[in-house]
Amino acid sequence: MVCVLMQECQILKGYFAPIVVKYANEHQDKLNHLILVNPPITDKHAKLPSTLACFSNFLLGEVFSQDPLRASDKALTSSGPYMMKEEDATVYRRPYLVSGASGFALNAITRAMGKDLKAYIESMRSILASDSWNTKTTICWGLRDRWLTYDGVEDFCDGLKHNVVQLPMAGHHAQEDRGEELGNIIKRILRG
Numbered sequence: 001m002v003c004v005l006m007q008e009c010q011i012l013k014g015y016f017a018p019i020v021v022k023y024a025n026e027h028q029d030k031l032n033h034l035i036l037v038n039p040p041i042t043d044k045h046a047k048l049p050s051t052l053a054c055f056s057n058f059l060l061g062e063v064f065s066q067d068p069l070r071a072s073d074k075a076l077t078s079s080g081p082y083m084m085k086e087e088d089a090t091v092y093r094r095p096y097l098v099s100g101a102s103g104f105a106l107n108a109i110t111r112a113m114g115k116d117l118k119a120y121i122e123s124m125r126s127i128l129a130s131d132s133w134n135t136k137t138t139i140c141w142g143l144r145d146r147w148l149t150y151d152g153v154e155d156f157c158d159g160l161k162h163n164v165v166q167l168p169m170a171g172h173h174a175q176e177d178r179g180e181e182l183g184n185i186i187k188r189i190l191r192g
């Protein structure tokens, strides 16, 4: 998950989008633009992918979430088309090697998300579709996302005048797959 807060723009990625959209809705006066990168936004996105859902399993989830390779590498590489460099994987793996707390947090988060994701998505859709939502919104989408399908995203955005930018060669973790391309898109959006 990536969340960047700037003075007048908010950029976020992934499954925490509904929570940040709720926050943004309550602070629209401080926000000129919201950029979402591969957020769960359609009804088809209301279920966690199996790679993440396994961490919410009653007994196995606690075991799996303590395995650095399963908790970091497998979760990251299963969501897009590219293999991660070992030096990058080491960065993501480190919290699981240093402390068991990271794994327990992963377990707790996936359990909560598994139960409430559908309601979170419905709430986010409602906020983004409401007449009171006045913030310019752009959704950047990595078309090679193996977790969240693009079906329905464009339809949702077109009806609401939200912009959609496609990243044909990026997966769910667009900032890893095509970081420079995504950065240039964000710069263009912010320059208006």
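In my numbering, the protein residues as written are 1 to 192.
Note that CB positions come from ideal geometry on N, CA and C, so glycine has one too.
With contacts defined by Cβ atoms closer than 8 Å, T110 and L36 do not form a contacting pair. Straight-line measurement puts the Cα of A174 at about 17 Å from the Cα of V91. Looking at E181, G192, W147, F104, the one whose alpha-carbon comes closest to that of N57 is F104.
With contacts defined as CB atoms closer than 8 Å, I185 and C140 qualify as a contacting pair. In the DSSP assignment, N163 falls within the unbroken beta strand (DSSP E) covering 163-167. If only complete runs of 4 or more residues are kept, the stretch 128-158 shows no alpha helix (DSSP H) anywhere. Cβ-Cβ distances below 7 Å link L97 to P68 in the same chain, with the five nearest sequence neighbours on each side left out; the list follows chain order. Residue state for H45 is assigned as helix, using DSSP reduced to three classes. Bridge partners of I35 according to DSSP: I11, T138. For the pair Y23 and L12, the Cα-to-Cα distance works out to about 12 Å. Counting of Cβ neighbours within 10 angstroms places M113 among the buried residues, the total reaching 16 or more.
The alpha-carbon separation between H33 and L60 amounts to approximately 41 Å. Minimum Cα-Cα distance from F16 among the listed residues L117, A108, A89 corresponds to L117.
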